[in-house]
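Since the structure comes first, as C-alpha cells, the remarks are kept for the end.
Protein chains in written order, with the working numbering: chain A, 748 to 1281; chain B, 15 to 230.
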C-alpha cells in the first residue's frame, strides 16, 4: 500500500516538476545587448568649424551667421524652411475637417493659449529671427536660425520677447565656430521649457534629463547610454522624426520604440502579444515628472487679481508658482501615474475659430478605441484648466497677453480681459462679441520619455486586478483578472457551495442511518437468539 | 468476493496526472480570474499555460489509449438500471441495500457513471479545452503577426472557460465523495491507486438483483 501511495506522490511531484521545466525563465536578451553596443559609440564630427575661414569674422547680426552657414551648406535652408519647426504649421488630412493645416500658427492650448498677437514673446521658440506679428515672411532665408539647434557651446540663448533674436550677450563668433549635431540642451531649450517654465507642458521632458540617472530616463541617463534626442529623433534632410499631438494630426513620421526594439522586444511571447493592444510606453513609463513637478491644472479665470494695484505671485514649498496675477492659479504634481487612453495615431486640435462642441473643451482630441485595430493603450498626461471664451460666438478666444508697455491692451500689463481679447482677435482677424466667460478645458499629452529601467516596468497586477487598477477607467472590453461575469460567478459559487452541502448532508445521513441500522440489527439479534449477536 | 486487477497502469497514471493537472489548473486559473492570489498574476498565467499544454498532451494520449484498447466501450451509455442506480444513491444506500449494478473488468462503470463520465469527456472537457485554446491564442495583433482569434469577444470565451472550470470543480466534489460509496469508504480510491479491487462474484450479483426485484 505504502508503495502505491508513494508512486502517486511521485506522479504528483513529477507533474509539478514538468510544469516547472516546461516553464522557462527569461534568458539573457541579446537583442538589447546588440542595441546597447550600437549606440555606445558616439559620432565624431569630420569637420572642425573653428578652422573654417568663413567663420573667422566678427558677426554683427545673427543673419550674418546664417549667411556664413549657407556659404558652405548652400541648400540646407530649403530643407529647414520645409519643416514645421520653421513654418509653425503642417498640412494633413483630418477626419471631419478635411485637408487642413495646423500648427502653432492656429492651434490653441490651455497653457498660454496661443501665439496670435503674442508672436514677439512666443517666437523665442521659433527657429527664425524677427517674428513680431502674423505678417512674418516665411520665405526670408536670412532669418533661419541655425544656431539654436546646432550650437554645441551651450552659450547660445534666445532673448526673452525678442521675436526670436538671440540674447544680446551671445558671442556669435564663438557660437558659430562651435556648431555640431544638436544636443539635448539644444532641443531642450524649447522642449523642456515650453509653457513658460521647466517641465510645465510635457511632464516627461525637462531639464533634469540633461543629466539624470537611468532610473529617471533609461535612454538619456548619464550613467546609461546617455542618448541625445536625435538618436531617436533622427532628421534626414532636416525633417525631424517624431511629432507631438498637441499640434500634429496624422499617424506618419512618428518615432516608435519598435524602430529600435522591434515589435517583439520581450523574450516572453505573452508579453510580446500585449503589444497588439498595449503600447510599450503604457508599461514602461510607470510615472512621469520624476524629478521636477509638472503643471497639471491652470485656471485662467483666477488671473488678474492684484495686491495694492500690483500683480503678485504665490509659490509652493518646491518653488512652483501656485498663483500668478498674469496667468491665474496652477496645480503641480510630481511622480505622477499616467492616465491611459486608446490612441490610433491620429488627432485633431482645437483651432482658433472653431466652435465649442462639448465641455470640457478638448484642446486636442486623440482618436482611438478598443475596437479600432490600429489603436493601442497609451499613457497620457491630462492637463485641465479653464480659459476665456466668447459667450455669443461660443468659441475660445485669443487674448493679447504680451505687450511691451502698459496701455497696449496686453493682459499681462493692463489686466483687462475685454481689451486684451479685442486686440488679440483683431490681430487674428476674427470677430469678438464683447461678452466673455471662462470654460473648462482639457489637453492630452502622450508620454513617451522618462522610460524606466525594465525592472521598474508596470507589473501584471497593476492592470489585471479587480479594483483600482491602472486601466480601471478604460472599459468596454474584457480584461482578465479585472473583469468577470458577476452573475456567472455568483451562480457558480452558490452551485459549488450547494454541492458541498449536499455531499456533506448525504454523508451525514449515511453515517446516521448506518449507526441506526447496526443498533437495530444488534437488537433483533439479541432478542431472537437470546444471546449477544455477532 | 475476488481480487481483480481492474485499473491498468496507464489508466491510473492518466487518472492521477489528470486529477493533479486539473487541480493545478483550477488553482492558477481562478487566480487569473481574480478570485484569489497565490503565485502572483504573471506566474499564475504562465503556469496555467504550461499546465494546459501538458493536459492537452495527456488527453491526446488517453484518447489514443481508449481507442486502441477498446476501453471507450465502457462509456457507451445505457438506461438499463439507471433508475435503480439513482434510487440507490437517493435512498437504497441509507437502507444498506447492495449496489444495483456490479463492477466487473468488462463493465467498470455503473449506468450513472457512464452517462456522467461520457458528458465529462464529450461536453465538459471539450468545452473547457476549446475555450481555453481560444483564450490562449486570443490576440488582435498588428500587421506582421499571426491572427488566430480576433473578432470573437474575449468576454464570451472567458465565460465558457469559467463555466467549464466551475462545473469541473462541482464534478470534483461529487466525484471525490462518490468514491466513498464503495464496499468500504476507501476501497474505490485504493483500487485507483493499486489497480486491484475486491469485487463481488457474478453469481452474487444476479442473486442480489433478483432479491431486489422480488421486493418490488
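Yeah, the Cβ is synthetic: ideal placement off N, Cα and C, and Gly gets one too.
Check, Outcome
"Proximal residues of chain A, C-beta to C-beta of residue 47/B below 9 Å", "1227, 1228, 1231 and 1236"
"Local Cβ density within 10 Å of residue 1240/A, reported as buried at 16 or more and exposed below that", "exposed"
"Inter-residue spacing [alpha-carbon to alpha-carbon] between residue 834/A and residue 1174/A", "19 Å"
"Between the CA atoms of residue 1027/A and residue 1199/A - distance to the nearest angstrom", "11 Å"
"Of the residues 933/A, 1186/A, 839/A and 816/A, the one placed nearest residue 1106/A, counting alpha carbons only", "1186/A"
"Distance between residue 1108/A and residue 991/A (C-alpha atoms, nearest Å)", "19 Å"
"Option in 796/A, 1237/A, 1201/A and 922/A with minimal Cα separation from residue 180/B", "1237/A"
"Cross-chain neighbours of residue 790/A in chain B, by beta carbon under 9 Å", "Per Cβ cutoff of 9 Å: no residues; residue 790/A is ~31 Å from chain B at best."
"Beta-carbon gap between residue 928/A and residue 895/A smaller than 8 Å", "no"
"Other residues of its chain near residue 203/B: CB distance less than 7 Å, five sequence neighbours each side excluded", "193"
"Proximal residues to residue 156/B (C-beta, below 8 Å), its chain only, five neighbours per side dropped", "With a pLDDT of only 48 at residue 156/B, under 50, the local geometry of the prediction cannot be trusted, and no value is derived from it."
"Neighbourhood of residue 810/A by C-beta, 7 Å cutoff - its chain only, sequence neighbours within 5 removed", "876, 889 and 890"
"Proximity test, Cβ basis, 8 Å: residue 168/B and chain A", "yes"
"Any chain A beta carbon closer than 8 Å to residue 68/B", "yes"
"Contact with chain B by residue 840/A, beta-carbon distance below 8 Å", "no"
"Integer-rounded CB distance, given that residue 100/B should sit under 8 Å from residue 126/B", "6 Å"
"Chain-ordered neighbours of residue 207/B on chain A, where CB pairs are closer than 9 Å", "748, 751, 752, 754 and 755"
"Reference residue 1130/A, options 1046/A, 1061/A and 1072/A, closest by Cα", "1046/A"
"Cross-chain neighbours of residue 1207/A in chain B, by beta carbon under 7 Å", "55 and 56"
"Neighbourhood of residue 1078/A by C-beta distance below 6 Å, restricted to the same chain and skipping five residues each side", "1043 and 1044"
"Residue 1254/A: contacting residues in chain B (beta-carbon distance under 8 Å)", "191 and 194"
"Close beta carbons around residue 1095/A, own chain, < 8 Å, minus the five adjacent residues each side", "841, 842, 843, 844, 996, 1111, 1112 and 1114"
"Partner residues on chain B for residue 1222/A, Cβ-Cβ distance less than 9 Å", "Result: empty, since nearest Cβ-Cβ is about 12 Å, beyond 9 Å."
"Proximal chain B residues relative to residue 1286/A, where beta-carbon distance stays under 8 Å", "Only positions 748 to 1281 of chain A appear in this structure, which leaves residue 1286/A out of reach."
"Residue 907/A beta carbon near the ligand FAD (any heavy atom closer than 7 Å)", "This structure simply doesn't include the ligand FAD, nor any ligand for that matter."
"Alpha-carbon to alpha-carbon, residue 950/A and residue 1038/A", "10 Å"
"Straight-line gap, residue 15/B to residue 212/B (C-alpha atoms, nearest Å)", "6 Å"
"Contact residues within the segment 22-45 of chain B, judged by C-beta distance below 8 Å to chain A", "27, 30, 31, 34, 35 and 38"
"Same chain, Cβ closer than 7 Å to residue 1000/A, neighbours up to 5 away in sequence not counted", "988 and 990"
"Sequence ranges, beta strand (DSSP E) only - wholly within the segment 58-115 of chain B, length at least 3", "none"
"Separation of residue 1227/A from residue 1125/A, as counted between CA atoms", "19 Å"
"Residue 156/B, DSSP secondary structure in three states", "Confidence at residue 156/B is low in this model, with a pLDDT of 48, below 50, so its placement is unreliable and no value can be given for it."
"Member of 118/B, 121/B, 113/B and 173/B whose CA lies at the smallest distance from the CA of residue 144/B", "173/B"
"Cβ contact check for the segment 89-99 of chain B and the segment 109-122 of chain B: 3 or more pairs under 8 Å", "yes"
"Contact list for residue 1247/A against chain B, beta-carbon separation under 8 Å", "187"
"Collapsed DSSP secondary structure at residue 1113/A in the structure displayed", "strand"
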